[in-house]
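The structure under discussion appears below in the form of structure tokens.
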Amino acid sequence: MPTMNMLQAINNALDIAMAEDEKVICFGEDVGVFGGVFRATSHLQEKYGKARCFNTPLVEQGIIGFANGLAAQGSVPVAEIQFADYIFPAFDQIVNETAKFRYRSGDLFNVGGLTIRTPYGGGIAGGLYHSQSPEAYFTHTPGLKVVVPRNPYQAKGLLLAAIRDPDPVLYLEPKRLYRAAVGDVPEEDYQLPIGEAEVIKEGSDITLVGWGAQMEVIGKAAELAEEQGIACEVIDLRTLLPWDADTVAESVFKTGRLIVSHEAPLTGGFAGEIAATIQERCFLYLESPISRVTGLDTPFPLVLEKEYLPDHLKIFEAIRESVNF
Amino acid sequence: MTEYVHQPRFMTGDEFSIDTFCLLNPEGELYQGASEPALERDHARRLYQAMLATRILDERMMAAQRQGRLSFYMQCTGEEAAVVGAAAALDDADMIMAQYREQGALMYRGFSIDEFMNQLFGNELDYGKGRQMPIHYGSRKLHYMTISSPLATQIPQATGYAYGQKLAGDGHCTLTFFGEGAASEGDFHAALNMASVHQVPVIFFCRNNGYAISTPSTEQFAADGIAPRAFGYHMHVIRVDGNDALAVFEATTQARKIAVEQNQPVLIEAMSYRLAAHSSSDDPSGYRSKDEEEVWRAKDPLLRLQKWLVKKGWWSDEEEASQQETLRREVLDTMKRAEKRSSPPLDSLISDVYADVTPALQRQLDQLKRHIRRYPDAYPKGAKSLDLDVDPANHSQGEV
Ligand SMILES: Cc1ncc(C[n+]2csc(CCOP(=O)(O)OP(=O)(O)O)c2C)c(N)n1
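Here the protein sequences line up with chains A and B, keeping their order.
So the first sequence is numbered by our numbering: it starts at 121 and just counts up by one.
So the second sequence is numbered by our numbering: it starts at 34 and just counts up by one.
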């Protein structure tokens, strides 16, 4: 099995999707001959021509508006927004149009073919505008699916699933992992299920939930806890909308404790949604309050990024507090 | 005022071609029929010195980035005449709202090398408190709005700022810089429309340098540049040779007159070339040829103005050499100082989110402080600002 980093796995998935279906079309700022600023679309223009892989003018609302129309026509657009921080000019097109196309037309029209890919998250010394985790703005939007991979294997399987999914998918790529995450990726076509969480590690004392780049940090925290004799169950949500509450609840029935971690600010963050749902479902089984380890309620800093980010030590402390509650 | 005709006639933009205003030829001589702008000796020297200082700062900081001393950098190289020429035509109290590649304007206004360095290294003296990536400068004193990374957002803000200036009646205007790429954003169109409807003293200054990262302008728009868009908004417009500092200066001087005397917006398109990479993270060899770059290197805007100055007896080769030497040394010395300075204090994590720190933010910071006290080695910057001892050999891991 070949080894790939996350970018290569994404590129490979796009290549497979474009080879299989000529309706698949990739575009965005700099994605053409250059292959995107992170090189996720390398060689696609060479292989599939300028009509199916191209640079757009620099206008995110245009990119997604165009993609909505293209998807409504029956094509399968994979639109790249260069950084998730720059998705907001397209917010109206995504939230009011992409998400509501099927609903408002009584299913006369839909943009189910659309996948929006965008690099997100911190840890790359990017400061305010190259580090945001905007998932919660979109998980509040019925009609969208929101998917986040944590390694190259997932990146390929989930992206292929997203492209073929009958609903529009916002596919958030943890850019810190683009080159850092390397692993075995099957050469052939395969899909991973959207809407299903993955239990990465079983354990009986506490459940740790996260997604994307946070999984690496959670894994390290679980190891530290393990050294103290605390057995953690680690769950990667993989899909944030619709999210797999059953798998998380199942785990919390067993462990009685839950920690959710994400890079985005605490208030209004997606961890709040998870905590509320699990509290409803598992109230009588909980042995300590559900806790959230997240970024601060501030914009993303630059110099003090390490202090800001939820890391393995902060999660480890939360585990200790939960277990000793 | 439309005329009625009875045969269909489709019009295209090709019927209107916009000319390019230039004064100096590559030898630094005035073109025939060109008249010299009203630019006095000291003013001309200040203009050129800012261009030169910008070039040297850029060269040095790019080298520092390559040595790993700086996380990121962006050069203005090739566009110094467009940027500094425009700034030199303004009143120093006019507002400048830049995109990010316009350090030349800030240099012209007198931002010190120290001030540049403090921002670039995000140290405790950085006005932005180490929150933004390098090159996101700002100066209230120098009327230079702090840079924001999301492109084109400054353009409609400039319209609004200038409308406020008009109401205040202080005789000032706002000039906003943006690239031809950013001019594709919706914000650009909104800004021009509002400015012309509301008659606002704003100058929209497009640096058309041929590329938006890897995207050539031919893939950015189908029209003849950005200038023709002014027609649709019923706006004054001029296209100027962006490598000719005198022409940029003269065009902007006249644009400013229109803006402040008639309360009318003006669009300027300066034609130039991004000689350097887009940023220190970019490699232009992936999307353009060295030959193409060489053509533009031969049109270096610094040389052209320098030749003109020397011919006038306002500058000399000796001065050039000694200025270069002095600037290089100043940049290096200042960089060494700035690098050594402390980071902004931990409390700066939660300040300025709101005018007053909220109780929730205070709680979060207090919790963070308790955590850092427990693991000082894992957060060297935070620990230092709390006066905790840090083991220099153990920066990534904390004690458990
Ligand atoms: C809204 C938004 N989208 C994308 C980006 C990423 N980005 C940064 S610079 C740039 C190219 C800008 O080109 P141009 O406006 O022509 O200016 P130049 O870099 O050529 O000076 C892009 C796409 C951004 N900063 N903001």
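C-beta: ideal position from N, C-alpha, C; glycine also.
The C-alpha of residue 259 of chain B is placed about 14 angstroms away from the C-alpha of residue 245 of chain B. The beta-carbon of residue 197 of chain A is placed no less than 8 angstroms from the nearest beta-carbon of chain B.
Remark: C-beta atoms of residue 383 of chain A and residue 429 of chain A approach each other more closely than 8 angstroms. Apart from the 5 residues on each side of it in sequence, residue 175 of chain B sits with its Cβ closer than 7 angstroms to the Cβ of 139, 142, 143 and 144 in its chain, given in chain order. In the assembly as shown, residue 367 of chain A is a buried residue. Its beta-carbon has 16 or more other beta-carbons within 10 Å.
For residue 163 of chain B, the residues of chain A that pass the 8 angstroms Cβ criterion are 421, 422, 423 and 424, in the order they occur in the chain. Counting C-beta pairs with one atom in each stretch, the segment 38-48 of chain B and the segment 345-361 of chain A have fewer than three that are closer than 8 angstroms, which means they do not touch.
When secondary structure is reduced to three states using DSSP, residue 250 of chain A falls in the coil class, being assigned neither helix nor strand. In the structure shown, residue 404 of chain B adopts helical secondary structure according to DSSP, grouped into three states. For residue 217 of chain A, the nearest beta carbon of chain B is not closer than 8 angstroms to its own beta carbon.
Here the alpha carbon of residue 136 of chain B sits roughly 16 angstroms from the alpha carbon of residue 123 of chain B. Closer than 8 angstroms to the CB of residue 428 of chain A there is at least one CB belonging to chain B.
Within the same chain, Cβ atoms closer than 7 angstroms to the Cβ of residue 158 of chain B are found at 151 and 374, the five residues on either side in sequence being excluded. Residue 52 of chain B is classed as exposed because its beta carbon has fewer than 16 other beta carbons within 10 Å across all chains shown. Relative to ligand 1, the beta carbon of residue 177 of chain A is positioned no closer than 7 angstroms to any heavy atom. Counting along the chain, residue 382 of chain A sits inside the beta strand (DSSP E) bounded by residues 378-385.
Taking all protein chains in view, the Cβ of residue 414 of chain B is crowded by 16 or more other Cβ atoms within 10 Å, so the residue is classified as buried. With at least 16 other beta carbons inside 10 angstroms of its own, residue 211 of chain B counts as buried. Beta-bridge annotation (DSSP): residue 262 of chain A is not paired with any residue.
Here residue 231 of chain A carries a coil assignment [DSSP, helix/strand/coil]. Taking a cut-off of 8 angstroms on C-beta distances, the segment 162-180 of chain B does not touch the segment 386-402 of chain B, as fewer than three cross pairs fall below it. Residue 292 of chain A counts as buried, since no fewer than 16 other beta carbons sit within 10 angstroms of its beta carbon.
Across the structure, residue 290 of chain A and residue 168 of chain A are spaced so that their CA atoms are roughly 24 angstroms apart. Cβ proximity to chain A below 7 angstroms picks out nothing from the segment 186-205 of chain B. By the Cβ criterion, the segment 322-332 of chain A is in contact with the segment 437-444 of chain A, since at least three pairs of Cβ atoms, one from each stretch, lie closer than 8 angstroms. In this model, residue 237 of chain A and residue 187 of chain B are separated by some 26 angstroms (Cα to Cα). Under the 10 Å beta carbon count, residue 277 of chain A is surrounded by 16 or more other beta carbons and is classified as buried. Residue 200 of chain A: member of the beta strand (DSSP E) spanning 196-200, first to last residue.
Annotation: the continuous beta strand (DSSP E) that includes residue 125 of chain A extends over 123-125. In chain order, 310 place their CB closer than 7 angstroms to the CB of residue 316 of chain B, counting only its own chain and leaving out the 5 sequence neighbours on each side. Bounds of any alpha helix (DSSP H) do not take in residue 318 of chain A; it lies within the beta strand (DSSP E) bounded by 318-321. Between residue 157 of chain A and chain B, the shortest Cβ-Cβ separation is below 8 angstroms. DSSP links residue 303 of chain B through a beta bridge to B:240 and B:273.
For residue 279 of chain A, the shortest separation between its Cβ and any heavy atom of ligand 1 does not lie below 7 angstroms. Residue 303 of chain B places its beta carbon 8 angstroms or farther from that of residue 221 of chain B.
Residue state for residue 396 of chain B is assigned as helix, using DSSP reduced to three classes.
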